[in-house]
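**Student:**
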Amino acid sequence: MQPQLPLGRWALFRNGEFFRLWGIGAMSSTIRWLEMLAIGVVVFDLTGSPFQVALMSILRMLPLAFFGALVGALAERLNHRKMLVSGIVVMIGVSAVLATLSKTGHIQLWHIAVGVFVSGMFWVLDYSVRKTLLGAAVDGDSVGHAMSLDTVSNNGTRMLGPILGGMFLQWVGLTGVYVFAAVGYIGAILCALSLSSAIGGSGQKGRGVISAISQSLPLLKSHPLLAGILMVTVVFNLWGFPFISMIPVIGKEILVLNSFYVGLLMGAEGCGALIGALLIAGAGQPRHYRRLYISGLGLYLVMAIMFSQSTSSVGSGACLLLVGLGVAAFASMQSTLILLTAPAEARSLMMGLLAMCIGMAPIGFLHIGLLADWLGAPTAIAVLATEGLVALWWVLRRWPSLW
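Going letter by letter, the sequence shown gives residues 2 to 404 in this note's numbering.
Structure, rendered in structure tokens:
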């Protein structure tokens, strides 16, 4: 039987502000995962290089590393609603331009790369602005429920996005991918324009952005659990998440699947993530949050190793289903633990630091891309995930309160 969410969780959808912010996240996440699959397949077909595929993921994640803390600090001083609206307007324009270039046959690899980088810039706003607004739209006792519901939709799009991406590539082409993105962002802007929340601009007078960032270091020292939570995120993004970029390579090269079936394969991870997120949203208790966070990452890494050794489509899909369960537990708790642990006045800044930690992923993508070119994608995944298990063990020894 499909897990049901308690009425208390569903009741949050009666909150119009929460519902609109949730909808923006669902639409932008669908587009992100659709593009991640579609662009991975297109780049591999054009270049035949796993490293070039990983490079696109690097470009998507770089803004999180370079601008996460900066945008988090700016968000303390600027109007959140205006920042979100501006970001969506830019994404509508970029998607429309790329769709036009693709339709006219003038699109080149560097055009795709620029679009990926700008999409990464918008991803920074999702953490520093949208999620902060989401937490502010509900009362303090409902933050965990709000983040769980947001994760349910995000993980659902991990399944929906790749499947749509595979369908568009197989039957419409890259133009359809960018047209869908433009239409989706138009839907997001309609939600954003009707938001009433306008938090931000409450930073101390005279305190600059650099000063705000520098003040995060004493905060982490006084709240060691925050530091531990962020370090687990670093482990995931250096040694866990990058393996996703190799799924199109495995699907094409090892399993010999067409674009549609590669999308279904990647969608298996999203299916597991959706099931896991529903279970956690329905039954997760605050006393379990930290253990869910850690055990989810552990399951993710172990099943990534199993996936790397599979040579059948069914076995690979089953492994990715369990990978999805792991990432659901991890992702559901990531923002929740930050928002519950950080002082209220520092939430935007801490979410910016979280985005910066997520932005460490380009190093992992570079690592797996070089390994895949040298040793092949299956061995690269196994090596990366094994390193991740060792790193997770070290973090737990350094911050035992995480467990």
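C-beta: ideal position from N, C-alpha, C; glycine also. Computed from a predicted model, the values in this text were never measured in an experiment.
1. Whose CA, out of Pro363, Gly370, Gly377, lies closest to the CA of phenylalanine 67?
2. For serine 317 versus leucine 256, is the C-beta spacing smaller than 8 Å?
3. Do glycine 389 and leucine 302 count as a contact pair if the criterion is CB distance below 8 Å?
4. Give me the Cβ distance between serine 120 and arginine 21, rounded to the nearest whole Å; I'm assuming they're in contact under 8 Å.
5. Tell me, to the nearest whole angstrom, how far the beta carbon of leucine 300 is from that of leucine 323; I am working on the premise that it is less than 8 Å.
6. DSSP three-state call for proline 225: helix, strand or coil?
7. With C-beta atoms as the reference, is serine 333 less than 8 Å away from threonine 158?
8. Where does aspartate 151 fall in DSSP's three states?
9. Does the Cβ of arginine 292 have 16 or more other Cβ atoms within 10 Å, making it buried, or fewer, making it exposed?
10. Compare the beta carbon distance of leucine 196 and arginine 348 with 8 Å and say whether it is the shorter of the two.
11. Determine the direct distance from the alpha carbon of isoleucine 25 to that of phenylalanine 237, and round the result to whole angstroms.
12. Short of 6 Å in beta carbon distance, which residues of its chain neighbour glycine 327, apart from the five on each side in sequence? Order them along the chain.
13. Residues in its own chain within less than 7 Å of isoleucine 164 by CB, not counting five upstream and five downstream?
14. Let me know the alpha helix (DSSP H) ranges lying completely inside the stretch 224-302, each 4 residues or longer, listed in chain order.
15. Going by beta-carbon coordinates alone, are leucine 85 and leucine 126 separated by less than 8 Å?
16. Counting Cβ pairs closer than 8 Å, one from the stretch 45-52 and one from the stretch 187-195, do we hit at least three?
17. Expressed to the nearest angstrom, what Euclidean distance is found between the alpha-carbon atoms of serine 246 and serine 143?
18. Using CA atoms only, rank isn't needed, just tell me which of Gly365, Leu279, Ala193 is closest to asparagine 155.
19. Alpha carbon to alpha carbon, how far is alanine 193 from proline 401?
20. What three-state label does DSSP hand leucine 79 in the structure shown?
21. What is the C-beta distance between glycine 325 and glycine 360, in whole angstroms, given that I count them as a contact (C-beta under 8 Å)?
22. Could you check whether leucine 99 and isoleucine 89 sit closer than 8 Å to each other, using their CB atoms as the reference points?
23. Less than 8 Å between the C-beta atoms of leucine 385 and leucine 393, yes or no?
24. Going by DSSP in three states, valine 391 sits in which element: helix, strand or coil?
25. Which same chain residues, not among the five before or five after methionine 168, have their C-beta less than 8 Å away from its C-beta?
26. Just to confirm before moving on: does the CB-CB distance between threonine 234 and tyrosine 290 stay below 8 Å?
27. Under the three-state reduction of DSSP, which class applies to proline 163: helix, strand or coil?
28. Rounded to the nearest angstrom, what separates cysteine 358 and methionine 232 at their Cα positions?
29. Which residues in the same chain as methionine 160 place their Cβ atom closer than 6 Å to its Cβ, once the five residues preceding and following it in sequence are excluded?
30. Considering glutamine 335, what are the terminal residues of the alpha helix (DSSP H) in which it resides?
31. Starting from alanine 356, trace the alpha helix (DSSP H) both ways and give me its first and last residue.
32. Report the rounded CA-to-CA distance for valine 54 versus valine 173, giving the unit in angstroms.
33. Compute the Euclidean distance between the alpha carbons of glycine 69 and alanine 114, then round it to the nearest angstrom.
34. So isoleucine 240 and glycine 377 are supposed to be a Cβ contact under 8 Å. How far apart are they, rounded?
**Tutor:** Quick answer:
1. Here residue 67 corresponds to residue number 66 of the sequence shown, with the count starting at 1. Of Pro363, Gly370, Gly377, the residue nearest in Cα terms is Pro363.
2. Here residue 317 refers to the residue found at position 316 of the sequence shown. Here residue 256 refers to the residue found at position 255 of the sequence shown. In contact: serine 317 and leucine 256 (Cβ atoms closer than 8 Å).
3. By one-based count along the sequence shown, residue 302 stands at place 301. By one-based count along the sequence shown, residue 389 stands at place 388. For leucine 302 and glycine 389, yes; Cβs fall inside 8 Å.
4. Taking the sequence shown and counting its residues from 1, the one referred to as residue 120 is at position 119. Taking the sequence shown and counting its residues from 1, the one referred to as residue 21 is at position 20. In fact, because the Cβ distance is near 21 Å, the residues do not count as touching under 8 Å.
5. In the sequence shown, counting from the first residue as 1, residue 300 sits at position 299. In the sequence shown, counting from the first residue as 1, residue 323 sits at position 322. Leucine 300 to leucine 323, Cβ: 7 Å. Contact.
6. By one-based count along the sequence shown, residue 225 stands at place 224. Three-state result, proline 225: helix.
7. For the purposes of this step, residue 333 is identified with residue 332 of the sequence shown, where counting begins at 1. For the purposes of this step, residue 158 is identified with residue 157 of the sequence shown, where counting begins at 1. Taking 8 Å as the cut-off, the beta carbon of serine 333 is found no closer than this to the beta carbon of threonine 158.
8. For the purposes of this step, residue 151 is taken as the residue at position 150 of the sequence shown. In the structure shown, aspartate 151 sits in a helix (DSSP, three-state: H, G or I).
9. Position 291 of the sequence shown, counted from the first residue, corresponds to residue 292. Counting Cβ neighbours within 10 Å, arginine 292 comes out exposed, since fewer than 16 surround it.
10. Walking along the sequence shown from the start, residue 196 turns up at place 195. Walking along the sequence shown from the start, residue 348 turns up at place 347. Contact flag unset, no.
11. As a working note, residue 237 is residue 236 in the sequence shown. As a working note, residue 25 is residue 24 in the sequence shown. Each residue's alpha carbon lies about 25 Å from the other.
12. Taking the first residue of the sequence shown as 1, we reach residue 327 at position 326. Apart from the 5 residues on each side of it in sequence, glycine 327 sits with its Cβ closer than 6 Å to the Cβ of Gly297, Leu300, Tyr301 in its chain, given in chain order.
13. Taking the sequence shown and counting its residues from 1, the one referred to as residue 164 is at position 163. Counting only Cβ-Cβ distances below 7 Å, and skipping sequence neighbours, we find Gly264, Leu265, Gly268.
14. DSSP runs (the alpha helix (DSSP H)) wholly in the stretch 224-302: 225-240, 260-284.
15. The sequence position of residue 85 within the sequence shown is 84, counting from 1. The sequence position of residue 126 within the sequence shown is 125, counting from 1. Yes. Within cutoff.
16. Pairwise C-beta distances place the stretch 45-52 out of contact with the stretch 187-195, as fewer than three of them are shorter than 8 Å.
17. Counting from one through the sequence shown, the residue named residue 246 turns up at place 245. Counting from one through the sequence shown, the residue named residue 143 turns up at place 142. Here the alpha carbon of serine 246 sits roughly 34 Å from the alpha carbon of serine 143.
18. The residue given as residue 155 occupies position 154 in the sequence shown. Each of Gly365, Leu279, Ala193 was checked against the Cα of asparagine 155, and the nearest Cα belongs to Leu279.
19. For the purposes of this step, residue 193 is identified with residue 192 of the sequence shown, where counting begins at 1. For the purposes of this step, residue 401 is identified with residue 400 of the sequence shown, where counting begins at 1. CA-CA distance, alanine 193 to proline 401, rounds to 41 Å.
20. Sequence index remark: in the sequence shown, residue 79 carries index 78 (1-based). It is coil, neither helix nor strand.
21. As a working note, residue 325 is residue 324 in the sequence shown. As a working note, residue 360 is residue 359 in the sequence shown. Distance from glycine 325 to glycine 360 at the Cβ level is roughly 23 Å; contact not present, criterion being Cβ atoms closer than 8 Å.
22. Residue mapping note: residue 89 aligns to position 88 of the sequence shown, counting from 1. Residue mapping note: residue 99 aligns to position 98 of the sequence shown, counting from 1. Taking 8 Å as the cut-off, the beta carbon of isoleucine 89 is found no closer than this to the beta carbon of leucine 99.
23. As a working note, residue 385 is residue 384 in the sequence shown. As a working note, residue 393 is residue 392 in the sequence shown. Taking a C-beta distance under 8 Å as the contact criterion, leucine 385 and leucine 393 do not qualify as a contact pair.
24. For this step, residue 391 is matched to residue 390 along the sequence shown. Here valine 391 sits in helix by DSSP.
25. Residue 168 sits at position 167 when you count from the first residue of the sequence shown. Closer than 8 Å at Cβ, skipping near neighbours: Phe261, Gly264.
26. Taking the first residue of the sequence shown as 1, we reach residue 234 at position 233. Taking the first residue of the sequence shown as 1, we reach residue 290 at position 289. No; because the gap between Cβ atoms is not below 8 Å, this pair is not in contact.
27. Locating residue 163 in the sequence shown gives position 162, where the first residue counts as 1. Note: proline 163 maps to helix in three-state DSSP.
28. As a working mapping, residue 358 is identified with position 357 in the sequence shown. As a working mapping, residue 232 is identified with position 231 in the sequence shown. Taking the CA atoms as reference points, cysteine 358 sits about 8 Å from methionine 232.
29. Taking the sequence shown and counting its residues from 1, the one referred to as residue 160 is at position 159. Same-chain partners within the cutoff: Gly268, Gly271, Cys272, Leu275.
30. If you number the sequence shown from 1, residue 335 lands on position 334. Start and end: 314-342.
31. Taking the sequence shown and counting its residues from 1, the one referred to as residue 356 is at position 355. Start and end: 348-359.
32. Here residue 54 corresponds to residue number 53 of the sequence shown, with the count starting at 1. Here residue 173 corresponds to residue number 172 of the sequence shown, with the count starting at 1. When rounded, the distance between both Cα atoms is 21 Å.
33. Here residue 69 refers to the residue found at position 68 when the sequence shown is read from its first residue. Here residue 114 refers to the residue found at position 113 when the sequence shown is read from its first residue. Approximately 20 Å, taken between the alpha carbons.
34. Within the sequence shown, the letter at position 239 stands for residue 240. Within the sequence shown, the letter at position 376 stands for residue 377. Sequence check: residue 240 is tryptophan here, not isoleucine. The pair is not a contact, with the Cβ atoms about 18 Å apart (cut-off 8 Å).
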